[in-house]
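Peer 1: The structure follows.
2 protein chains.
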Amino acid sequence: MTKKPTLHDVAKAAGVSIATVSNVLNKKEKELSEQTRRKVLEAIQRLGYSPNQHARGLKKGKTNLIGFIIPDQNPFFMEILKGIHETCAEYDWQVIVACSEENEVRQNELVDIFISQQVSGIILVPVTSTLAGKDKWSNFPIVLLDREIEDSPFPSVSATNIEGCCQATERLAMNGHQRIGIILASPDISTTVQRRKGYEQALHAHGLRIEPDLITYGGEYGGTQSQINGGYRSTMHLLNLPQPATAIIAINHLLMLGALKAMKEMKVRVPDDVAFIGFDDHPWSEINTPQLTVVSQPAYDMGRQSIHILRALDEDKTARSIKLPMKLIIRESCGTATMM
Amino acid sequence: MTKKPTLHDVAKAAGVSIATVSNVLNKKEKELSEQTRRKVLEAIQRLGYSPNQHARGLKKGKTNLIGFIIPDQNPFFMEILKGIHETCAEYDWQVIVACSEENEVRQNELVDIFISQQVSGIILVPVTSTLAGKDKWSNFPIVLLDREIEDSPFPSVSATNIEGCCQATERLAMNGHQRIGIILASPDISTTVQRRKGYEQALHAHGLRIEPDLITYGGEYGGTQSQINGGYRSTMHLLNLPQPATAIIAINHLLMLGALKAMKEMKVRVPDDVAFIGFDDHPWSEINTPQLTVVSQPAYDMGRQSIHILRALDEDKTARSIKLPMKLIIRESCGTATMM
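So the sequences go chain by chain: A and B.
For the first sequence, the residue numbers in the UniProt record's numbering are 1 to 340.
For the second sequence, the residue numbers in the UniProt record's numbering are 1 to 340.
Take a look at the structure:
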C-alpha cells in the first residue's frame, strides 16, 4: 500500500494537469503563469509530495521508465525481460513493454510514443536490419537488443549467433548426418543472417554441400503465430523432400514449436528417424520426450547488460556494444554418433 | 516509416517541453504564459502537426495508450495480450505492459505511473482480493482482468472458474479416481478461491471426502519461477503421501510446468500411474507425450472484452462485468474410465 502522495494527487490538489506539475518540477517555470506555478508549489508543500522515485529522471525532464519494444511474444523475450526487470529494480527504474509484432510502421510509432512519454531510455529489438528512424533518434538513449542494424549509431547487446549455430550443426554432422535441414526466421534480421552463416561454416568444415532445398525460412512474415505455423510448414517441406532431411535445426523457440508439432503429427520418432536441435532453453526442454538439445541463448544476461548500458548513457558515459556467448545444451533429441 | 511530425518535434521546434505542447492541445492555456502558447501554436502550424492519432485521447488530456498490468509472465497473459492488441488496433490504441511480479507495492506504483503517463485506461490483474487504491482510483477507467476484488468499483472480465475446475475434477472422479490432488495458486486471489470451490463441489457431488492433505498451494509466493517451483514441490508432496494422489489438477500453466517436471523426474507414467489435468491450452499441450487434458480459458476473448469495456468507459457509457466460459479439452493425460 503506497500512501505517499503522487504527481496525480498534486495535480488534483492544485487543479492543474499532471503535465503542469511536471513542468514546475522540471523548472520550466518560464512556460507557466506565475499564479499556476505558485498553486503547484503550494500543493506540493501542503501534501508533502516528494519527487523521490521520479527524481533522477525528472531532473532531465524524463521519467524513471524504460521502454522495451519486443517483436513477438517468444518466451526468449520474456526471459530477457526478467533480466531487465531485476536490474531495473536496482536502479529504481520501471519497465514498460510494447510489441511491434514484427511490423516496421508499428515499431517506429512505438519508439515515437515512448519518446513522447519521456522514458529514460529504450531497449529495441529491431524488426529489420535497417532502421529508418535511426538518425532522428540518434540523440536518444537507445540500446539495440538481440538483433543488430547496419551503420548503427546505437550500442547493441547480442549473442554469438554464428558460433552458436555452427556448434549445433557440427554436432549433427559429427553424429553422421549429411542432410541437415535448417529452419530460419525472417531473412532481413541479423540473427537469421548470422545463424545461416554459422550453419554454412559447419557444413563446409565437415565437407558437406550446401543444398538450397535444406535451407528454409519459417519466419518470413514475423509475428508469434505466424512463426509457429512457419516452423510447421518448413518441417513438412524438409521431411517430404525426395531425399528428406535426417536432422533439423530450428533457430528460435516459436519455429521449434511448429517443428515439434509437425513431427508429432507425422509420427516421426526423434531422434531415431530425425535428429533435432532447437533454440532457447525452457522448462519444456526437459519435460518433452525426448528431452530437447538446444542452443541456449544468454537471455537473462542480455537483459541485464542492456540496462547497464542505458545506465551508462544516462550518466553521459560512453557505452560499447557487447556480444554474449551461446551454449549448446546436449540432451536426447540430437541423438548420438553410435546410432547411425 | 513515419514522416509525420510528432509531439516531440513540435516541442523541439517551439523550444518547450512535451508537457507544455500537451497543455496547449488540451486547451489548458490558462496555465501557460501567452508567449509560450503562441510559440507552440506557431510550431504546430509551421510543422503541419496534426494530433490525429492522439486526437481522441488528447481531448481529455490523455494519450492513445492503454496500460496492461500483469502479475507474472504466464503464457496465459500473453494470449490475453494478443486479444488486447488486436482489439486496440481497431481503435487506434496502443498497449504498454508492465509486470507486478505479484508484488502489491509494485502493482500500486505501476497504476500510479500509468495514470501519470495519462494512459486512456488500465487493464489490471490484481495481486490480492482487496485493492488498497480502489477508492483513490475509482474515477479512472480501470478494468479488472481474470481476478475479481471485494466491493469493486471497477467492472471486471473473468472466466467461469468454479465450473471449469468442477468439470475437471468430475472427469477424474468419473474415471474412478478417489484421491484427486489439486495444486492451487496464491490463496488470496479470487481465481484460487473459486477453483477450490469448484473442486470441492465436484468431490461432494461424487460422494468423495475433502482431504486437506490433497489440497496444496504451489503459488503462495507468486511470481513466474516461484510458481514453477511451487508446482514441483506440491507434486512431490502429493505423490509421497502415505496414500498418494492417483490424479492431479494444476490450476495454471506455471504450476503445471512444475508438476510435469516433477513427474518426469520421478518417472511417473501419465496417465497410467497418475492422471493429470492442467490449465490453459498451448501448442505444447499437443506436443507433449501424453497429450495434455487441460481446462482451456477464454484468454483471447478476455483480452478483447476488456478493451470493449474500456471503449465504453471512454465514451462515458456504463459497463458491466463479464464472465466468459472455460472449456475442458480432453486429451490423453487424464486417462479413461476403462483403465481403472
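We put the CB at the ideal spot given by N, CA and C, even for glycine.
If you're wondering where the values come from, they're calculated on a predicted model, not measured in any experiment.
Note down the Cα distance separating ARG195 (chain B) from LEU184 (chain B), rounded to an integer number of angstroms.
Peer 2: 8 Å
Peer 1: Could you please give the first and the last residue of the uninterrupted beta strand (DSSP E) stretch that includes ILE123 (chain A)?
Peer 2: 121-124
Peer 1: Please tell me whether ARG37 (chain A) has its Cβ less than 7 Å away from any Cβ of chain B.
Peer 2: no
Peer 1: How long is the line joining the alpha carbons of LYS197 (chain B) and HIS282 (chain A), rounded to whole angstroms?
Peer 2: Going from the Cα of LYS197 (chain B) to the Cα of HIS282 (chain A) covers about 32 Å.
Peer 1: If we define contact as Cβ-Cβ less than 7 Å, is HIS253 (chain A) a contact residue for chain B?
Peer 2: No, because no Cβ of chain B sits closer than 7 Å to the Cβ of HIS253 (chain A).
Peer 1: Could you tell me which of A:SER234, A:LEU203 and A:VAL274 sits nearest to LEU292 (chain A), measuring between CA atoms?
Peer 2: A:VAL274
Peer 1: If the cut-off is 8 Å on Cβ atoms, which residues from the region 84-107 of chain A count as contacting chain B, listed in chain order?
Peer 2: HIS85, GLN94, VAL95, ILE96, VAL97, ALA98, CYS99, GLU101, GLU104 and VAL105
Peer 1: When you compare the CB positions of GLU150 (chain B) and THR130 (chain B), do they come within less than 7 Å of one another, or not?
Peer 2: yes
Peer 1: According to DSSP, which residues form a beta bridge with LYS323 (chain A)?
Peer 2: Under the DSSP definition of a beta bridge, LYS323 (chain A) partners with A:SER158.
Peer 1: Can you list, in chain order, the residues of its chain with a C-beta nearer than 6 Å to that of PHE154 (chain A)? Leave out the 5 residues immediately preceding and following it.
Peer 2: Non-local C-beta neighbours of PHE154 (chain A) in its own chain, meaning closer than 6 Å and more than five positions away in sequence, comprise ILE142 and LEU144, ordered along the chain.
Peer 1: Please give the ranges of any beta strand (DSSP E) in the region 254-320 of chain B, keeping only runs that are unbroken, at least 3 residues long and fully inside the region.
Peer 2: 275-279 and 293-296
Peer 1: Give a yes or no on whether the minimum CB-CB distance between ILE149 (chain A) and chain B is below 7 Å.
Peer 2: With 7 Å as the cut-off, ILE149 (chain A) does not count as an interface residue toward chain B.
Peer 1: Which residue marks the beginning of the alpha helix (DSSP H) containing ALA205 (chain A), and which one marks its end?
Peer 2: 190-205
Peer 1: Identify whether GLU332 (chain A) lies in helix, strand or coil by the three-state DSSP scheme.
Peer 2: coil
Peer 1: Contact criterion: CB-CB distance below 7 Å. Does TRP284 (chain B) meet it with respect to chain A?
Peer 2: yes
Peer 1: Could you check which residue in A:PHE140, A:ALA13 and A:ALA168 has the C-alpha nearest to that of PHE276 (chain A)?
Peer 2: A:ALA168
Peer 1: Going by Cα to Cα distance, which pick from A:MET174, A:PHE76, A:ALA98 and A:THR246 is closest to GLY207 (chain A)?
Peer 2: Among A:MET174, A:PHE76, A:ALA98 and A:THR246, the Cα nearest to that of GLY207 (chain A) belongs to A:MET174.
Peer 1: Is there contact between the region 219-229 of chain B and the region 291-306 of chain B, where contact requires at least three CB pairs shorter than 8 Å?
Peer 2: no
Peer 1: Starting from the beta carbon of THR292 (chain A), find every residue of chain B whose beta carbon is closer than 7 Å, and list them in chain order.
Peer 2: The amino acid at residue 292 (chain A) is misidentified as Thr; the sequence shows Leu. Result: empty, since nearest Cβ-Cβ is about 10 Å, beyond 7 Å.
Peer 1: So which residues on chain A does MET236 (chain B) lean against when the C-beta distance must stay under 8 Å?
Peer 2: Per Cβ cutoff of 8 Å: no residues; MET236 (chain B) is ~15 Å from chain A at best.
Peer 1: Does ILE329 (chain B) get closer than 7 Å to chain A when you measure Cβ to Cβ?
Peer 2: no
Peer 1: Going by DSSP, what residues sit across from THR216 (chain B) in a beta bridge?
Peer 2: B:ILE183
Peer 1: How is ALA14 (chain A) classed by DSSP in three states: helix, strand or coil?
Peer 2: helix
Peer 1: Here's the rule: buried if 16 or more other CB atoms are within 10 angstroms of the residue's CB, otherwise exposed. What is THR191 (chain A)?
Peer 2: buried
Peer 1: Which one of B:LYS267, B:LYS264, B:HIS253 and B:GLU286 has the shortest CA to CA distance from GLY278 (chain B)?
Peer 2: B:HIS253
Peer 1: Could you tell me how far apart the beta carbons of LEU65 (chain B) and SER100 (chain B) are, in whole angstroms, since I believe they sit closer than 8 Å?
Peer 2: Not quite, the Cβ-Cβ distance comes to about 18 Å (not below 8 Å), so this is no contact.
Peer 1: Quick one: residues in its chain with C-beta nearer than 7 Å to the C-beta of THR36 (chain A), no 5 flanking neighbours on either side, listed in chain order?
Peer 2: VAL16 and THR20
Peer 1: For ILE44 (chain A) versus SER306 (chain A), is the C-beta distance shorter than 7 Å?
Peer 2: Taking a C-beta distance under 7 Å as the contact criterion, ILE44 (chain A) and SER306 (chain A) do not qualify as a contact pair.
Peer 1: Tell whether a beta-carbon distance below 7 Å holds between TYR232 (chain B) and ALA205 (chain B).
Peer 2: no
Peer 1: Starting from the beta carbon of GLN117 (chain A), find every residue of chain B whose beta carbon is closer than 7 Å, and list them in chain order.
Peer 2: GLN117
Peer 1: So what's ILE70 (chain B) in DSSP terms, helix, strand or just coil?
Peer 2: strand
Peer 1: Please state the DSSP three-state secondary structure of ILE248 (chain A).
Peer 2: strand
Peer 1: Strictly under 7 Å for the Cβ-Cβ distance: is ASN229 (chain A) near chain B by that measure?
Peer 2: no
Peer 1: Apart from the five residues on each side of it in sequence, which residues of its chain come closer than 6 Å, Cβ to Cβ, to GLY67 (chain B)?
Peer 2: ILE96, PHE114, VAL119 and ILE122
Peer 1: Looking only at its chain, what residues have a beta carbon closer than 6 Å to the beta carbon of ILE215 (chain B), apart from the 5 residues adjacent to it on each side?
Peer 2: Cβ within range, chain order: ILE182.
Peer 1: If you draw a straight line from the alpha carbon of HIS54 (chain A) to that of SER333 (chain B), how long is it in whole angstroms?
Peer 2: For HIS54 (chain A), the predicted structure reports a pLDDT of 41, less than 50, and the residue's modelled location is therefore unreliable. The matter cannot be settled from this model.
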